[in-house]
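Number of protein chains: 2
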Amino acid sequence: MNGVVSEGGSRLSVSTEDYLKAIWAVGRGGSASTKEISEHLSVAPASVTNMLGRLQEMGLVRYERYRGASLTERGYREALRLVRKHRLIETFLLEHLGYSWQEVHEEAERLEHAVSDLFTERLAEYLGHPGRDPHGDPIPAPDGTMERQEARPLAEAAAGERVRISRVDQSSPEVLEYFGERGLVPGRRLRVTETRKLDGVIAVEDEEGNSHTLGAPLARSVFVEAD
Amino acid sequence: MNGVVSEGGSRLSVSTEDYLKAIWAVGRGGSASTKEISEHLSVAPASVTNMLGRLQEMGLVRYERYRGASLTERGYREALRLVRKHRLIETFLLEHLGYSWQEVHEEAERLEHAVSDLFTERLAEYLGHPGRDPHGDPIPAPDGTMERQEARPLAEAAAGERVRISRVDQSSPEVLEYFGERGLVPGRRLRVTETRKLDGVIAVEDEEGNSHTLGAPLARSVFVEAD
DNA sequence: CATAATTTTTAGCTTGTGCTAAAATATATC
DNA sequence: GATATATTTTAGCACAAGCTAAAAATTATG
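Read top to bottom, the protein sequences are chains A and B.
Numbered according to numbering that gives the first Met the number 0, the first sequence spans residues 0 to 226.
Numbered according to numbering that gives the first Met the number 0, the second sequence spans residues 0 to 226.
1. Whole angstroms are fine: how far does the CA of residue 74/B sit from the CA of residue 71/A?
2. As an exercise, report each continuous alpha helix (DSSP H) stretch of at least 4 residues that is fully enclosed by the stretch 60–105 of chain A, in chain order.
3. Indicate the three-state DSSP secondary structure (helix, strand or coil) for residue 15/B in the structure shown.
4. Could you round the C-beta distance between residue 166/B and residue 136/B to whole angstroms and report it? I think they count as a contact, below 8 Å.
5. Find the residues of chain A that neighbour residue 76/B, judging by a C-beta separation of less than 7 Å, and give them in chain order.
6. Following the continuous beta strand (DSSP E) through residue 211/B, name the residue where it begins and the one where it ends.
7. At 9 Å on the CB atoms, spell out the chain A contacts of residue 96/B, in chain order.
8. Between residue 82/B and residue 152/B, is the Cβ-Cβ spacing less than 8 Å?
9. Ends of the alpha helix (DSSP H) at residue 46/A?
10. I need the DSSP call for residue 223/A, collapsed to helix, strand or coil.
11. What first and last residue would you give for the beta strand (DSSP E) that runs through residue 161/B?
12. Say whether chain B places a C-beta atom closer than 8 Å to the C-beta of residue 0/A.
13. Output yes if chain B places a C-beta closer than 8 Å to the C-beta of residue 109/A; else output no.
14. At a cut of 8 Å, does the stretch 168–187 of chain A reach the stretch 201–217 of chain A through at least three beta carbon pairs?
15. Which residues share a DSSP beta bridge with residue 189/A?
16. In chain A, which residues lie less than 9 Å from residue 114/B when you measure between Cβ atoms?
17. What residues from chain B crowd round residue 102/A, counting only those whose CB sits closer than 7 Å?
18. What is the rounded straight-line gap between the Cα of residue 86/B and the Cα of residue 131/B?
19. At the level of alpha carbons, what is the spacing between residue 4/B and residue 28/B?
20. Among 119/A, 103/A, 186/A, 15/A, whose alpha-carbon lies nearest the alpha-carbon of residue 222/A?
21. Looking at residue 79/A: is its Cβ nearer than 8 Å to the Cβ of residue 133/A?
22. Measuring alpha carbon to alpha carbon, tell me which of 189/A, 143/A, 168/A, 144/A ends up nearest residue 161/A.
23. Out of 25/B, 58/B, 43/B, state which residue places its alpha-carbon closest to the alpha-carbon of residue 11/B.
24. In whole angstroms, what separates the C-alpha of residue 43/A from that of residue 208/A?
25. Taking the CB atoms as reference points, tell me whether residue 158/A and residue 192/A lie closer together than 8 Å.
26. Taking DSSP as the reference, what is the three-state secondary structure of residue 131/B?
27. If I'm right that residue 121/B touches residue 96/A with Cβ under 8 Å, what's the distance once you round it to whole angstroms?
28. Consult DSSP for residue 216/B and reduce its assignment to one of helix, strand or coil.
29. Kindly indicate which three-state DSSP category residue 151/A falls into: helix, strand or coil?
30. Identify which residue in 15/B, 91/B, 119/B has its Cα closest to the Cα of residue 125/A.
31. In whole angstroms, what is the alpha-carbon distance linking residue 123/A and residue 38/B?
32. Looking only at DSSP bridge pairs, what is residue 194/A linked to?
33. From which residue to which residue does the alpha helix (DSSP H) around residue 138/B run?
34. With distance defined between alpha-carbon atoms, name the residue in 184/A, 150/A, 100/A, 196/A nearest to residue 225/A.
35. Here's the rule: buried if 16 or more other CB atoms are within 10 angstroms of the residue's CB, otherwise exposed. What is residue 51/B?
36. Let me confirm a value: residue 112/B is counted as buried when at least 16 other C-beta atoms fall within 10 Å, else exposed. Which label applies?
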């Protein structure tokens with residue numbers, strides 16, 4: 000419906016879209032610093048400063064020198080539309096084209112900038128309007144709103160608690176593969192059998208009675224909800 | 000950073016790819032003039048001259064000033080890989096996402112520059128390795144070779160001849176729609192009932208006994224093979 | 001074949017997006 | 001509060017691709 004494509008307003012450049020997504024990803028709700036954005040995008044800090052000026056000019060971010068940047072209403076909507084595209088594309092690649100979790104990311108990163116809104120909505124339909132992608136991350140609605148996510152890291156769960164995996168952090172392919180191989184994927188039900196304060200190790204048991212022992216970093220990469 | 004980074008060698012820019020496809024499309028086998036390319040891409044002639052220099056530098060075209068440009072072996076392979084992507088994507092959009100013939104073109108034009116080779120081959124598999132797209136155009140093989148096309152324009156058929164539609168010219172959406180509405184699509188069998196030299200009008204009858212009378216321009220937009 | 005028309009190239013400018021090095025500001029530490 | 005460290009900005013530059021206007025080469029016409 001709206002948006003860049005159908006109403007003939009000129010499209011945002013790939014770079015512009017990358018910055019919006021970076022600001023959204025890095026400054027969750029609040030504001031993002033030049034350095035954070037620069038690292039997230041692997042771009043020199045000076046380039047970020049430069050681009051933030053332009054983005055403000057375009058009305059996509061609010062920006063005060065030396066104080067970081069945050070998304071305007073419009074910038075936020077654009078960012079979430081990107082996230083919607085990204086997650087729907089990932090879902091398609093994983094479920095229908097036989098991609099592995101490692102292969103998916105790079106492809107979606109490129110395609111999200113190329114597909115139209117028409118494509119996106121047709122794809123959503125084709126996929127049965129999923130509410131979450133295969134990582135368990137919620138897929139924003141076409142209007143740029145997103146379901147609140149109330150999952151906590153498994154690391155924060157208490158012994159004896161019963162939980163359901165809602166999401167696995169996507170940032171590291173190795174971590175993703177580790178969990179995938181052990182069936183620790185979104186939807187999986189677990190019981191927390193032990194939590195050790197000293198080293199942050201946490202032990203869980205799945206529905207088939209298998210135990211898994213996770214060090215602190217791994218336990219912070221799985222997000223769970225009460226079950 | 001211009002669209003770079005992926006499988007192995009650095010990617011060609013979208014512009015570069017557009018030029019290669021234009022040279023392929025415009026100078027079928029032979030060479031393409033600055034003006035032809037300029038018109039095909041809606042770009043100023045001076046910009047074409049400029050780009051042809053760069054493309055030669057990259058080893059993708061052979062170019063002599065004032066004499067036009069032609070694709071090198073490598074340029075030709077790249078162009079055909081693009082065509083393969085384009086036609087597979089079109090097939091997917093039409094067959095699985097419910098696109099109309101009008102909507103398809105623009106989307107494929109953007110996506111062909113964004114999808115990886117992995118995506119392309121997975122998609123081909125998903126579609127059952129089709130040899131032709133829904134327009135009847137042959138889909139080049141992954142190695143950049145393409146089946147010879149021996150279809151002639153319907154305009155050249157003789158009265159009484161039995162033919163099969165092999166392809167409909169894609170250049171005009173209106174023409175496409177006209178034929179689509181009447182079921183004159185690739186695969187359709189026809190009998191030529193009349194050919195009129197004076198005005199080039201040609202009449203055909205389809206398998207259901209419907210007659211169609213086509214003026215010369217339309218008769219030159221449908222390509223047929225002997226049946 | 002000389003001149004007119006067309007096509008192509010050259011020259012010089014613009015915009016978007018990146019970079020580095022140096023200067024300015026903010027934050028942290030003594 | 002003064003100074004050291006870290007972050008951010010400014011200034012100046014590069015490169016891909018586009019543009020226009022003027023010059024040059026090619027092709028067509030009388």
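Built from N, CA and C at the ideal position, the CB exists for glycine as well.
Just so we're clear, the structure is a prediction, and the values are computed from it rather than from any experiment.
On the basis of the coordinates in this document:
1. 44 Å
2. Complete alpha helix (DSSP H) runs here, min 4: 72–95.
3. helix
4. 6 Å
5. Within 7 Å Cβ-Cβ: nothing; residue 76/B doesn't reach chain A, min ~21 Å.
6. 210–213
7. 117, 118, 121, 122, 124, 125
8. no
9. 44–56
10. strand
11. Residue range 161–167 is occupied by the beta strand (DSSP E) that includes residue 161/B.
12. Unreliable placement is indicated for residue 0/A, whose pLDDT of 41 sits below 50; the coordinate value is still reported in the next sentence. False, the Cβ-Cβ gap to chain B never drops below 8 Å.
13. True, the Cβ-Cβ gap to chain B drops below 8 Å.
14. yes
15. 162/A, 205/A
16. Neighbours of residue 114/B on chain A, chain order: 106, 109, 110, 113.
17. Contact note: residue 102/A reaches chain B through 117, using a C-beta cutoff of 7 Å and chain order.
18. 8 Å
19. Only weak support is given to the placement of residue 4/B: the predicted model assigns it a pLDDT of 36, under 50, and the value that follows is read from those uncertain coordinates. Their Cα atoms are separated by approximately 30 Å.
20. 186/A
21. Not in contact: residue 79/A and residue 133/A (Cβ atoms no closer than 8 Å).
22. Residue 189/A is the option with its Cα nearest to residue 161/A.
23. For the residues 25/B, 58/B, 43/B, the minimum Cα distance to residue 11/B belongs to 58/B.
24. In this model, residue 43/A and residue 208/A are separated by some 50 Å (Cα to Cα).
25. With contacts defined as CB atoms closer than 8 Å, residue 158/A and residue 192/A qualify as a contacting pair.
26. strand
27. 4 Å
28. helix
29. strand
30. 91/B
31. 37 Å
32. 201/A
33. Taken as a continuous stretch (DSSP letters only), residue 138/B belongs to no alpha helix (DSSP H), as it is neither H nor E.
34. Comparing Cα positions, the closest option is 150/A.
35. With 16 or more other Cβ atoms within 10 Å, it is buried.
36. buried
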